[in-house]
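K.L.:
First to last, the sequence lines map onto chains A and B. So the first sequence is numbered by the numbering used here: it starts at 1 and just counts up by one. So the second sequence is numbered by the numbering used here: it starts at 1 and just counts up by one.
There are 2 protein chains.
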Amino acid sequence: MDVITIERKVLAKNDAIAEENRKLLKGKKIYTVNIVSSPGSGKTSLVEKTIEKIGSKRKISVIEGDVQTDLDAKRVANYNVPVVQIITNGGCHLEAGLVRDALSGLKIEGTELLIIENVGNLVCPAGYDLGEDLKVVVISVTEGDDKPLKYPKMFMNSEVLVINKTDLLPYVNCKMGELKSNALKINPKLEIFETSCTSGSGINEWCNWLESKIQLEK
Amino acid sequence: MDVITIERKVLAKNDAIAEENRKLLKGKKIYTVNIVSSPGSGKTSLVEKTIEKIGSKRKISVIEGDVQTDLDAKRVANYNVPVVQIITNGGCHLEAGLVRDALSGLKIEGTELLIIENVGNLVCPAGYDLGEDLKVVVISVTEGDDKPLKYPKMFMNSEVLVINKTDLLPYVNCKMGELKSNALKINPKLEIFETSCTSGSGINEWCNWLESKIQLEK
């Protein structure tokens with residue numbers, strides 16, 4: 001009971017800060033995406049492909065969340081976009097307060113798209129609003145088609161599902177139809193994209209859609 | 001600060017119950033393995049292959065941990081071993097108290113090997129002792145070779161690393177040498193197995209080693 005009470009307090013405090021972040025970002029007309037997934041689903045590769053595709057047209061900034069290391073921030077920094085690494089030191093999700101701190105370290109003026117890459121965890125980040133416009137859950141086909149049923153909250157709380165590593169479909173026991181159907185059972189409103197950051201398949205569709213959302217923010 | 005205090009209390013309580021579980025299991029000469037990984041790394045497939053290989057020689061019981069659904073328990077029940085499903089209802093890891101409850105629902109008399117499959121999460125289960133003899137972290141090669149550096153606590157707290165889905169190595173950007181070297185940097189004592197539940201490669205080595213540990217328990 002104690003734990004539940006504390007958890008509620010933590011979430012209420014988080015939500016209040018998330019609303020402040022949202023207000024700040026909206027005021028600056030920055031469209032913000034919170035990318036969540038299991039470890040190794042390809043979040044960072046999707047961020048890289050997104051920057052490659054639309055980074056010359058749209059000013060992008062990135063906040064990287066990791067338990068340890070700044071490996072992902074280093075990868076993204078290669079693309080010459082402003083990036084801040086949050087290291088949670090064992091923490092299993094990003095919180096709005098950490099994003100607020102990261103924002104103060106970013107020169108976000110002029111940014112049109114802010115990408116927040118969350119800690120690799122298909123459970124805990126689901127409950128933490130960061131102030132984003134869009135929560136995008138990424139799943140790799142190698143994880144199997146049952147994951148939306150087994151980890152429903154993340155799929156319920158996301159607006160977009162990116163099914164990644166589709167180039168590996170011939171080699172794994174994952175039926176695309178079943179995966180989509182399971183995801184839509186949990187959240188019928190999910191916008192679904194199928195991508196491969198290796199072959200490039202589906203990246204155009206994802207980026208075009210994302211650009212249309214950025215345009216609407218203006 | 002509040003949260004940290006509560007967390008310590010929770011962990012202290014967990015550790016006390018874990019010790020009770022350990023005493024109970026040791027008393028019955030049951031060797032207990034706690035399997036942890038990201039979602040979709042192949043924990044359940046590894047459990048299935050282990051039962052296929054040594055289930056006729058050794059009496060095995062299984063506790064399945066999941067956020068939602070009893071899909072994994074159903075898969076394992078097909079092998080005619082006693083199995084209990086713990087559904088955490090959103091909880092991101094198993095705790096010793098849940099395992100204690102599950103044990104009371106299992107007819108464990110005569111069991112030689114108890115396999116506990118944890119919730120798919122490479123972060124949170126790392127800190128929770130369940131009373132096991134052995135923590136086994138499973139990673140799929142599709143997750144990339146940097147994961148031990150990015151999620152170090154799980155690799156630090158495990159005795160065994162199973163690198164799974166090795167049949168997919170030709171198709172993914174993961175160097176086996178780099179993955180092992182990163183894991184051993186975090187924990188030089190890790191016993192490492194390379195397996196593919198699809199091709200069967202490495203399952204013998206893992207099962208033979210596991211059987212030798214069960215034998216020592218007697």
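Idealized CB from N, CA, C, for every residue including glycine. On a predicted model such as this, the values are computed, not experimentally measured, just so you know.
Might you give, ordered along the chain, the residues of its own chain that have their beta carbon closer than 7 Å to the beta carbon of residue 99 of chain A, omitting 5 neighbours on each side?
P.N.:
On the first sequence, position 99 is the one that residue 99 of chain A refers to. Closer than 7 Å at Cβ, skipping near neighbours: 21, 63, 116, 130 and 131.
K.L.:
Does the segment 47 to 57 of chain A come close enough to the segment 154 to 164 of chain A to have 3 or more Cβ pairs within less than 8 Å?
P.N.:
no
K.L.:
State the Cα-Cα distance for the pair residue 119 of chain A and residue 66 of chain A, rounded to the nearest angstrom.
P.N.:
For the purposes of this step, residue 119 of chain A is taken as residue 119 along the first sequence, with counting starting at 1. For the purposes of this step, residue 66 of chain A is taken as residue 66 along the first sequence, with counting starting at 1. The straight-line gap from Cα to Cα measures roughly 5 Å.
K.L.:
With 16 other CB atoms within 10 Å as the buried threshold, where does residue 223 of chain B fall?
P.N.:
Past the edges of chain B, shown from 1 to 218, lies residue 223 of chain B, and the structure says nothing about it.
K.L.:
CB-CB under 8 Å to residue 88 of chain A, same chain, minus the five flanking residues each way: which ones, in chain order?
P.N.:
The count along the first sequence starts at 1 and reaches residue 88 of chain A at position 88. Excluding residues within five positions, the ones whose Cβ falls inside 8 Å are 65, 66, 67, 94, 98 and 119.
K.L.:
Using a Cβ cut-off of 9 Å (strictly closer), state whether residue 171 of chain A contacts chain B.
P.N.:
Walking along the first sequence from the start, residue 171 of chain A turns up at place 171. Output row for residue 171 of chain A: interface = yes.
K.L.:
What residue ranges within the segment 62 to 148 of chain B form continuous beta strand (DSSP E) runs of no fewer than 3 residues, ordered along the chain?
P.N.:
Annotation note: the segment 62 to 148 of chain B contains the following uninterrupted beta strand (DSSP E) runs of length 3 or greater, listed N- to C-terminal: 83 to 87, 113 to 120 and 134 to 140.
K.L.:
Check the Cβ-Cβ distances between residue 49 of chain B and every residue of chain A, and say whether any is below 9 Å.
P.N.:
Within the second sequence, the letter at position 49 stands for residue 49 of chain B. Not closer than 9 Å to any Cβ of chain A, the Cβ of residue 49 of chain B fails to qualify, so no.
K.L.:
Over what stretch of residues does the alpha helix (DSSP H) that includes residue 47 of chain B continue unbroken?
P.N.:
Here the question's residue 47 of chain B lines up with position 47 in the second sequence. It spans 43 to 54 - the alpha helix (DSSP H) in which residue 47 of chain B sits, taken as one unbroken run.
K.L.:
Which residues, in chain order, does the segment 177 to 199 of chain A contribute to contact with chain B at a C-beta distance below 8 Å?
P.N.:
For the segment 177 to 199 of chain A, the beta-carbon criterion of a distance under 8 Å to any beta-carbon of chain B is satisfied by 198.
K.L.:
Could you work out which residues of chain B lie near residue 69 of chain A, taking near to mean beta carbons separated by less than 7 Å?
P.N.:
For the purposes of this step, residue 69 of chain A is identified with residue 69 of the first sequence, where counting begins at 1. Going along chain B in sequence order, the residues near residue 69 of chain A (Cβ under 7 Å) are 149 and 150.
K.L.:
Return the chain-ordered list of same chain residues with a C-beta closer than 8 Å to the C-beta of residue 79 of chain A, the five sequence neighbours on each side being excluded.
P.N.:
Residue 79 of chain A sits at position 79 when you count from the first residue of the first sequence. Counting only Cβ-Cβ distances below 8 Å, and skipping sequence neighbours, we find 48, 51, 52 and 55.
K.L.:
Using a threshold of 8 Å, is the CB atom of residue 37 of chain A nearer than that to any non-hydrogen atom of the ligand ZN?
P.N.:
The ligand ZN is not part of this structure, which contains no ligands at all.
K.L.:
When the distance is taken between beta carbons, is residue 139 of chain B closer than 9 Å to residue 41 of chain B?
P.N.:
Looking up residue 41 of chain B in the second sequence gives position 41. Looking up residue 139 of chain B in the second sequence gives position 139. Yes, Cβ-Cβ distance for residue 41 of chain B and residue 139 of chain B is below 9 Å.
K.L.:
Is residue 201 of chain A helix, strand or coil by DSSP?
P.N.:
On the first sequence, residue 201 of chain A is found 201 positions in, with the first residue counted as 1. It is coil, neither helix nor strand.
K.L.:
Closer than 8 Å by beta-carbon distance: list the chain B residues that pair up with residue 121 of chain A, in chain order.
P.N.:
For the purposes of this step, residue 121 of chain A is taken as residue 121 along the first sequence, with counting starting at 1. Correct list: 92, 121, 122, 123 and 124.
K.L.:
Just to confirm, are residue 142 of chain B and residue 59 of chain B a CB contact at a threshold of 9 Å?
P.N.:
For this step, residue 142 of chain B is matched to residue 142 along the second sequence. For this step, residue 59 of chain B is matched to residue 59 along the second sequence. It is not a contact, given that the beta carbons lie outside the stated cut-off.
K.L.:
So for residue 32 of chain B, helix, strand or coil by DSSP?
P.N.:
Residue numbering aside, residue 32 of chain B sits at position 32 when the second sequence is read from its first letter. In this structure, residue 32 of chain B counts as strand in the three-state DSSP scheme.
K.L.:
Can you find at least 3 beta carbon pairs, one from the segment 162 to 180 of chain B and one from the segment 190 to 197 of chain B, that sit closer than 8 Å?
P.N.:
Flag = yes, the segment 162 to 180 of chain B and the segment 190 to 197 of chain B touch.
K.L.:
Assuming residue 159 of chain A is part of the alpha helix (DSSP H), what are its boundary residues?
P.N.:
Numbered from 1 along the first sequence, position 159 holds the residue referred to as residue 159 of chain A. Neither: residue 159 of chain A is in no alpha helix (DSSP H) and is coded neither H nor E.
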